[in-house]
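Trainee: Using my numbering, the first residue of the sequence shown is number 1, and each one after it goes up by one. Glycine included, every Cβ here is placed at the ideal spot set by N, Cα and C.
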Amino acid sequence: MPFVKKTLPLFILSLFFITFYTCDENQPSQVFNYKYLALGDSYTYGQGVCEFCSFPVQLVDTLYKHYDEDINLLSIAQTGWTTSNLIDQISSIMPSEDYDFVTLLIGVNNQYQGIPFTVFEEEFPILLEKAILLAKNDHNRVIVISIPDYSYTPFGQFYSNTELVSNEIARYNEFVSGLCEQENIYFEDITDLTILGLVQPELVASDGLHLSELTYSKIVDRIFHKASSLLN
1 MPFVKKTLPL FILSLFFITF YTCDENQPSQ VFNYKYLALG DSYTYGQGVC EFCSFPVQLV
61 DTLYKHYDED INLLSIAQTG WTTSNLIDQI SSIMPSEDYD FVTLLIGVNN QYQGIPFTVF
121 EEEFPILLEK AILLAKNDHN RVIVISIPDY SYTPFGQFYS NTELVSNEIA RYNEFVSGLC
181 EQENIYFEDI TDLTILGLVQ PELVASDGLH LSELTYSKIV DRIFHKASSL LN
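#1: Classify Glu97 as helix, strand or coil using the three-state DSSP reduction.
#2: Can you tell me which residues form a DSSP beta bridge with Asn72?
#3: For Val165 versus Tyr150, is the C-beta distance shorter than 8 angstroms?
#4: Per DSSP, what are the beta-bridge partners of Tyr186 in this structure?
#5: So, at 7 angstroms on beta carbons, what are the nonlocal neighbours of Tyr139 in its own chain, with the 5 sequence-adjacent residues on each side left out?
#6: To the nearest angstrom, how far is it from the Cα of Gln200 to the Cα of Phe117?
#7: Any idea which residues DSSP pairs Gly40 with across the strands?
#8: Under the three-state reduction of DSSP, which class applies to Arg222: helix, strand or coil?
#9: Restricting to runs no shorter than 3 residues, where is the beta strand (DSSP E) found entirely within the segment 110 to 162?
#10: So, using beta-carbon positions, are Arg141 and Val102 closer together than 8 angstroms?
#11: With a threshold of 6 angstroms on Cβ separation, who are the neighbours of Ile223 within its own chain once the five nearest residues in sequence on each side are excluded?
#12: Taking Cβ to Cβ, would you say Ile147 is nearer than 8 angstroms to Gly208?
#13: Can you round the beta-carbon distance between Ile71 and Val60 to whole angstroms, since I take them to be within the 8 angstroms contact cut?
#14: Reducing DSSP to helix, strand and coil, say where Leu230 ends up.
#15: Counting C-beta neighbours from all protein chains within 10 Å, is the total for Gln113 16 or more, i.e. buried, or is it exposed?
#16: By Cβ distance, which residues of its chain are closer than 7 angstroms to Asp98, with the 5 residues on each side in sequence left out?
#17: To which residues of the same chain is Ser212 closer than 7 angstroms at the C-beta, ignoring the five residues directly before and after it?
#18: Expressed to the nearest angstrom, what Euclidean distance is found between the alpha-carbon atoms of Tyr45 and Ala170?
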């Protein structure tokens with residue numbers, strides 16, 4: 001959603017920051033036991049929250065606390081990205097194909113920008129295929145997360161037709177969940193958390209639109225068991 005979009009240079013800095021967070025620069029020979037690739041948009045990047053508050057960083061931290069395992073996180077995500085943008089960036093960055101697990105959360109900007117749904121129908125399967133390939137070509141190592149419903153935020157209430165937004169996001173999520181079921185991919189529906197944003201304002205970030213640190217921690221709680229099962 002471009003109205004609060006950070007610049008690409010900030011995204012690049014964020015990538016380096018995450019790398020430094022997971023790898024002590026005073027120990028250049030550190031060997032990570034596991035690798036995690038997070039693919040998405042603002043909800044993966046962590047727009048509106050601190051550098052350590054996004055769900056991928058919280059997940060890495062939680063896994064470390066439970067298993068004392070070092071995990072190298074690469075986040076390919078930016079505010080405003082559509083499925084097309086994510087496909088292009090994956091092709092540009094060319095990450096290795098040896099990640100122990102991959103998360104994928106994308107689609108809200110396709111809906112927000114009014115891009116025809118057929119584009120999502122064509123491009124999300126491509127992204128899912130790429131995610132599988134990057135996860136050691138193992139579909140069991142991919143975690144797909146549903147699209148949050150931003151109509152239940154102060155921004156959503158003020159600027160949007162809330163019923164239309166909810167219906168359209170539900171359509172996107174139905175397509176994603178159906179494809180995941182068909183391909184036997186793990187799918188975590190977290191949209192129910194996001195529809196509480198108006199009655200529980202602590203679930204919304206200070207920008208009035210994105211998810212808060214608390215919401216991301218709840219997402220981590222939901223995907224933790226699956227992610228931890230892949231540390232073997």
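Mentor: According to the data block:
#1: Here the question's residue 97 lines up with position 97 in the sequence shown. Note: Glu97 maps to coil in three-state DSSP.
#2: Here the question's residue 72 lines up with position 72 in the sequence shown. Answer is Lys35.
#3: The sequence position of residue 165 within the sequence shown is 165, counting from 1. The sequence position of residue 150 within the sequence shown is 150, counting from 1. Cβ atoms of Val165 and Tyr150: closer than 8 angstroms.
#4: As a working note, residue 186 is residue 186 in the sequence shown. For Tyr186, which the question treats as bridged, DSSP gives the partners Ile143.
#5: Translated into the one-based positions of the sequence shown, residue 139 becomes position 139. Sequence inspection shows His at residue 139; the Tyr mentioned does not correspond to that position. So the list reads Ile132, Glu183, Asn184, Ile185, once near-sequence residues are dropped.
#6: Indexing the sequence shown from 1 puts residue 200 at position 200. Indexing the sequence shown from 1 puts residue 117 at position 117. Distance between the alpha carbons of Gln200 and Phe117 is about 31 angstroms.
#7: As a position in the sequence shown, residue 40 is number 40, starting the count at 1. Per DSSP, Ala77, Leu105.
#8: Here residue 222 refers to the residue found at position 222 when the sequence shown is read from its first residue. Looking at Arg222 - three-state DSSP - the assignment turns out to be helix.
#9: 142 to 145
#10: In the sequence shown, residue 141 corresponds to position 141, counting from 1. In the sequence shown, residue 102 corresponds to position 102, counting from 1. Contact: yes.
#11: For the purposes of this step, residue 223 is taken as residue 223 along the sequence shown, with counting starting at 1. If we look at Ile223 and ignore the five residues flanking it on each side, its Cβ neighbours are Ile143, Glu188.
#12: Counting from 1 along the sequence shown, the entry for residue 147 is found at position 147. Counting from 1 along the sequence shown, the entry for residue 208 is found at position 208. Going by C-beta atoms, Ile147 is not nearer than 8 angstroms to Gly208.
#13: In the sequence shown, counting from the first residue as 1, residue 71 sits at position 71. In the sequence shown, counting from the first residue as 1, residue 60 sits at position 60. Going by Cβ atoms, the distance from Ile71 to Val60 rounds to 5 angstroms, so yes, they are a contact pair.
#14: By one-based count along the sequence shown, residue 230 stands at place 230. The answer is coil: DSSP assigns Leu230 none of H, G, I, E or B.
#15: Sequence index remark: in the sequence shown, residue 113 carries index 113 (1-based). Gln113 comes out exposed.
#16: Working through the sequence shown from its first residue, we reach residue 98 at position 98. Excluding residues within five positions, the ones whose Cβ falls inside 7 angstroms are Lys35, Lys136.
#17: Here residue 212 refers to the residue found at position 212 when the sequence shown is read from its first residue. Contacts found: Val49, Glu202, Leu203, Val204, Ala205.
#18: Taking the sequence shown and counting its residues from 1, one reaches residue 45 at position 45. Taking the sequence shown and counting its residues from 1, one reaches residue 170 at position 170. Roughly 22 angstroms between the two C-alpha positions.
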